[in-house]
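> Chains as they are written, first to last, in my numbering: chain A, 189 to 585; chain B, 189 to 585.
1) Between residue 305(A) and chain B, is any beta-carbon pair separated by less than 8 Å?
2) Pick out the complete alpha helix (DSSP H) segments inside the region 332-362 of chain A, 4 residues or longer, and give them in chain order.
3) Taking only three categories from DSSP, how would you classify residue 526(A)?
4) Please confirm if the region 317-326 of chain B is in contact with the region 511-524 of chain A, defined as three or more CB-CB distances below 8 Å between the two stretches.
5) Can you name, in chain order, every residue of its own chain whose Cβ lies under 8 Å from the Cβ of residue 337(B), other than the five neighbours on each side?
6) Just the C-alpha distance for residue 351(A) and residue 455(B), rounded to the nearest angstrom, thanks.
7) So which residues of chain B does residue 590(A) contact, with C-beta pairs closer than 7 Å?
8) If I follow the unbroken beta strand (DSSP E) through residue 223(B), where does it start and stop?
9) Can you tell me whether residue 189(A) is buried or exposed, with buried defined as 16 or more other CB within 10 angstroms of its CB?
10) Which residues bound the beta strand (DSSP E) around residue 503(A)?
11) At a CB-CB cut-off below 8 Å, which residues of chain A make contact with residue 592(B)?
12) For residue 557(A), tell me which candidate among 206(A), 227(A), 209(A) and 194(A) has the shortest Cα-Cα distance.
13) Count the other CB atoms within 10 Å of the CB of residue 295(A); is the residue buried (16 or more) or exposed (fewer)?
14) Going along the chain, which residues of the region 407-423 of chain B sit with their C-beta nearer than 9 Å to a C-beta in chain A?
15) The region 340-356 of chain A: which residues have C-beta closer than 9 Å to a C-beta of chain B, in chain order?
16) Please report the distance separating the alpha-carbon of residue 512(B) from that of residue 537(B).
17) Relative to the C-alpha of residue 417(A), which residue among 552(B), 543(B), 355(B) and 562(B) is closest?
18) DSSP on residue 430(B), reduced to helix/strand/coil?
19) Please classify residue 587(A): does DSSP put it in a helix, a strand, or coil?
20) What are the boundary residues of the beta strand (DSSP E) that includes residue 207(B)?
21) Unbroken alpha helix (DSSP H) runs of length 4 or more, entirely within the region 379-448 of chain B: which are they?
22) Could you round the C-beta distance between residue 434(A) and residue 485(A) to whole angstroms and report it? I think they count as a contact, below 8 Å.
23) Could you spell out where the alpha helix (DSSP H) holding residue 478(A) opens and where it closes?
24) Give, in chain order, every unbroken run of the alpha helix (DSSP H) that is at least 4 residues long and sits entirely within the region 280-319 of chain B.
25) Within 10 Å of its beta-carbon, does residue 218(B) have 16 or more other beta-carbons around it, so buried, or fewer, so exposed?
26) Would you please verify whether the beta carbon of residue 378(B) is less than 8 Å from any beta carbon of chain A?
27) Spatial neighbours of residue 529(A) within its chain, please: CB distance less than 8 Å, with the 5 preceding and 5 following residues excluded, ordered by chain position.
28) Could you run through the region 211-227 of chain B and flag, in chain order, every residue whose CB is less than 9 Å away from some CB of chain A?
29) Does the beta carbon of residue 516(B) come closer than 8 Å to any beta carbon on chain A?
30) Quick one: is residue 306(A) buried, meaning 16 or more other Cβ sit within 10 Å of its Cβ, or exposed?
31) According to the neighbour-count rule (16 or more other Cβ atoms, all chains shown, within 10 Å of its Cβ), is residue 216(A) buried or exposed?
32) Measuring only between beta-carbons, confirm whether residue 557(A) sits less than 8 Å from chain B.
33) Within its chain, find whatever has a CB closer than 8 Å to the CB of residue 574(A); leave out the 5 residues flanking it on each side and keep chain order.
34) Report the residues of the region 228-254 of chain A with a CB closer than 7 Å to any CB of chain B, ordered along the chain.
35) Please check the pair residue 313(B) and residue 285(B), which I expect to be a contact at CB under 8 Å, by giving their CB distance rounded to whole angstroms.
36) Please name the residue or residues paired with residue 534(A) in a DSSP beta bridge.
Below, the structure written as structure tokens:
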């Protein structure tokens with residue numbers, strides 16, 4: 189028993205890279221038992237990212253694959269495919285990020301699997317919804333960032349389209365897939381019926397972007413240009429201090445006036461450009477210039493102390509590496525020091541969400557490729573001799 | 189009956205702006221009945237974003253608040269607070285993004301609410317986990333982008349920290365909150381017990397960023413610098429063509445060699461710098477320069493046709509406005525033309541995830557402030573005279 193809200197849920201995970209693995213890691217973090225099915229070469233994320241102590245165990249792979257066990261099956265061989273189907277027949281959830289046509293050819297679509305397991309929930313993560321013309325096309329995260337308007341938000345802000353330097357559309361879609369599986373598990377408790385879920389990356393991200401930025405174009409005909417102008421300013425960024433950066437957000441009148449006092453320019457409180465939220469929005473460029481000029485005069489630490497005393501919303505800026513030493517993250521035990529059985533001492537992040545009703549207790553280390561092949565086959569009812577034969581033939585590894 | 193996996197789930201929503209409303213919209217989209225409880229002034233998102241046809245009904249508010257009904261209660265008045273507690277006593281889920289101390293003072297924390305409703309799931313969305321030193325501080329999305337390393341990814345990529353031009357940390361945390369509620373609902377079906385969930389924005393986003401970018405610093409001591417270098421290049425962006433932009437991703441050897449053929453430089457296939465994925469990574473700057481020079485020679489449409497024929501992953505770049513005309517989104521019915529009862533014709537996005545087991549059927553339009561105050565109070569058992577008295581006193585509106 190794992191603890192956690194998804195205790196007792198068995199997940200067969202036929203996914204690679206990020207979009208699927210963050211979905212199934214989330215399920216595992218919350219108590220599900222996750223079996224990661226890998227092709228003989230293994231999930232490409234094992235190799236893609238730099239930084240590892242042994243082959244096929246990159247840091248990025250480790251971070252996206254804790255709380256899973258690994259079985260290697262060659263599903264191009266009949267016996268490997270049969271083993272996968274036997275695993276799925278005993279599972280609650282099957283997650284794939286394989287193209288639907290290939291899945292159907294292998295008999296791994298929901299319609300083919302449901303007769304043996306009517307309670308099965310299949311979650312198919314796809315690049316594009318199967319009813320549109322892009323269906324079946326390959327997609328990488330930047331392709332979806334390019335199509336879905338993520339890069340477009342930067343063009344509006346700075347004049348040049350850019351990608352967010354994360355595989356953000358994979359990551360968000362994977363979180364939505366885990367969310368959808370939770371909803372389906374809830375319904376299954378009441379109806380006893382499994383089902384098929386389709387989670388398309390493009391549509392998911394187009395919904396994400398347009399919920400934020402459809403704006404006045406929500407109306408037909410539009411009431412003005414699309415986009416939330418507050419977010420599309422070229423100046424929407426941490427601002428330089430004398431020794432680093434700071435983020436401030438003096439929004440309402442109290443905060444704005446406290447800010448003017450704190451920077452020693454109380455006369456601005458009487459300036460009609462800055463008297464109300466609306467006038468500050470109309471004179472956003474001037475308001476911004478005042479911030480830039482003032483903040484450059486002191487260090488980040490000095491400003492943080494001054495703004496804390498004045499109750500002006502302000503925060504330090506953390507580089508990626510600064511997160512390792514952030515004092516709040518230290519307080520909440522965000523960084524856990526794990527001893528990985530083969531990779532040595534690693535940093536693991538705590539599950540950020542807490543459930544008062546009980547959390548997963550034991551954390552499984554990210555698995556070496558095929559580390560649990562024998563054990564999982566045995567649990568599925570394969571006899572020792574059958575397992576040896578599969579290992580000999582390469583149907584398992 | 190709404191249809192959808194969360195049919196029959198009743199949600200009381202005491203949230204504003206984005207982080208809470210996207211959580212409860214997600215629950216509503218999937219079939220939950222959501223009651224949005226607003227203070228007399230209403231959710232500030234009604235006013236914040238530009239573009240509306242009538243006051244307090246901005247496009248952005250409409251997009252984040254479909255499938256909800258609105259009741260106005262002044263919970264600073266005893267009768268308003270009592271009405272909220274009566275609603276929560278009859279609900280499955282209570283979602284708040286109020287600071288925990290204020291919630292407890294009003295008796296709206298889980299411990300105070302559970303005696304009247306032991307099956308209640310309370311999801312408290314907070315800026316910072318309650319056990320750390322930043323607990324209780326106010327946070328706006330840019331504060332979390334600044335602290336959590338989101339802005340830090342841009343410093344690594346371009347030398348300058350930036351925010352993603354969306355309220356991305358609100359948006360993602362809200363999706364994670366909805367996910368967590370689904371998991372808790374599943375467990376409650378089995379145990380009968382409610383619970384309290386805490387979803388902190390900072391920790392959620394620090395986990396998001398470091399899962400991607402801890403990299404070689406996953407190991408202690410680190411095996412190299414943090415960060416996934418593939419994503420942190422200044423050139424990680426859509427590339428200019430002769431008339432716009434295009435995104436290409438020739439990753440494996442077949443794709444890379446097909447790309448060299450397609451641009452009329454087949455000799456590069458024999459160039460040792462580009463012979464393998466590893467050598468192309470080592471010579472990423474050169475590989476990039478070749479792409480930039482080639483792509484500028486033709487139009488986006490020409491390149492898309494050429495790369496489609498050569499099976500090189502490539503995609504158009506969509507500005508925010510281009511999404512309105514994207515052909516795939518048209519095929520899948522992404523844009524729905526709704527007639528809002530008071531705001532006229534609007535564009536609504538379809539729920540991107542599909543559940544074969546049944547979807548929500550009727551879509552509720554985003555509510556006017558307090559549109560359902562009388563109806564919801566009546567459903568909660570208030571007599572007509574009591575309702576009139578509350579409206580007179582301003583406890584309801």
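All C-beta atoms in this analysis are idealised placements derived from N, C-alpha and C, irrespective of residue type, glycine included.
Quick answer:
1) Taking the first residue of the first chain as 1, we reach residue 305(A) at position 117. So no, residue 305(A) is outside the interface.
2) 338-346
3) In the first chain, the residue the question calls residue 526(A) occupies position 338. Looking at residue 526(A) - three-state DSSP - the assignment turns out to be strand.
4) yes
5) Position 149 of the second chain holds residue 337(B). Cβ neighbours of residue 337(B) beyond the five flanking positions: 393, 394, 397, 398 and 401.
6) Working through the first chain from its first residue, we reach residue 351(A) at position 163. Working through the second chain from its first residue, we reach residue 455(B) at position 267. Those two C-alpha atoms are separated by around 30 Å.
7) As shown, chain A starts at 189 and ends at 585. That puts residue 590(A) outside it, with no answer to give.
8) The residue you call residue 223(B) lines up with position 35 of the second chain. Looking at the DSSP string, the run of the beta strand (DSSP E) that includes residue 223(B) is 221-226.
9) Here residue 189(A) is taken as the residue at index 1 of the first chain, counted from 1. Exposed.
10) Position 315 of the first chain, counted from the first residue, corresponds to residue 503(A). Counting along the chain, the beta strand (DSSP E) containing residue 503(A) begins and ends at 502-504.
11) This structure does not reach residue 592(B), given that chain B is present from 189 up to 585, and the question cannot be answered.
12) The residue given as residue 557(A) occupies position 369 in the first chain. Residue 227(A) is the option with its Cα nearest to residue 557(A).
13) Translated into positions along the first chain, residue 295(A) becomes position 107. With fewer than 16 other Cβ atoms within 10 Å, it is exposed.
14) Going along the region 407-423 of chain B in chain order, one finds 407, 408, 409, 410, 411, 412, 413, 414, 415, 416, 417, 418, 419, 420 and 421 with a Cβ nearer than 9 Å to chain A.
15) 340, 341, 342, 343, 344, 345, 346, 348, 349, 350, 351, 352, 353, 354, 355 and 356
16) Within the second chain, numbered from 1, the residue matching residue 512(B) stands at position 324. Within the second chain, numbered from 1, the residue matching residue 537(B) stands at position 349. Spanning the two alpha carbons is a distance of roughly 10 Å.
17) What you label residue 417(A) is simply residue 229 of the first chain in a count that begins at 1. Residue 355(B) is the option with its Cα nearest to residue 417(A).
18) The residue you call residue 430(B) lines up with position 242 of the second chain. Residue state, collapsed to three classes: coil.
19) With chain A running from 189 to 585 in the structure shown, residue 587(A) is simply not present.
20) Here residue 207(B) corresponds to residue number 19 of the second chain, with the count starting at 1. It is not in any beta strand (DSSP E) - residue 207(B) instead sits in the alpha helix (DSSP H) that spans 207-217.
21) DSSP runs (the alpha helix (DSSP H)) wholly in the region 379-448 of chain B: 389-401.
22) For the purposes of this step, residue 434(A) is identified with residue 246 of the first chain, where counting begins at 1. For the purposes of this step, residue 485(A) is identified with residue 297 of the first chain, where counting begins at 1. With a beta-carbon spacing of about 12 Å, residue 434(A) and residue 485(A) fall beyond the 8 Å limit used to define contacts.
23) Within the first chain, residue 478(A) is the residue found at index 290, counting from 1. Looking at the DSSP string, the run of the alpha helix (DSSP H) that includes residue 478(A) is 472-483.
24) 288-293 and 298-301
25) To locate residue 218(B), count along the second chain from 1; it is residue 30. Buried, since its Cβ has 16 or more Cβ neighbours within 10 Å.
26) In the second chain, the residue the question calls residue 378(B) occupies position 190. Yes - at least one Cβ of chain A is within 8 Å of the one on residue 378(B).
27) To locate residue 529(A), count along the first chain from 1; it is residue 341. So the qualifying residues of the chain are 553.
28) 213, 214, 215, 218 and 219
29) Mapped onto the second chain, residue 516(B) falls at position 328. Yes, because at least one Cβ of chain A sits closer than 8 Å to the Cβ of residue 516(B).
30) Residue mapping note: residue 306(A) aligns to position 118 of the first chain, counting from 1. Looking at its Cβ environment, which holds fewer than 16 other Cβ atoms inside 10 Å, residue 306(A) is exposed.
31) On the first chain, position 28 is the one that residue 216(A) refers to. Residue 216(A) should be labelled buried.
32) In the first chain, residue 557(A) corresponds to position 369, counting from 1. No, its Cβ sits nowhere closer than 8 Å to a Cβ of chain B.
33) Here the question's residue 574(A) lines up with position 386 in the first chain. Only 565 meet the Cβ criterion.
34) Within the region 228-254 of chain A, the qualifying residues are 237, 238, 239, 240, 241, 247, 248, 250, 251 and 252.
35) Looking up residue 313(B) in the second chain gives position 125. Looking up residue 285(B) in the second chain gives position 97. At roughly 4 Å, the Cβ-Cβ gap stays under 8 Å, so residue 313(B) and residue 285(B) are in contact.
36) Within the first chain, the letter at position 346 stands for residue 534(A). DSSP, once it has assigned bridges, lists 526(A) and 407(B) as partnering residue 534(A).
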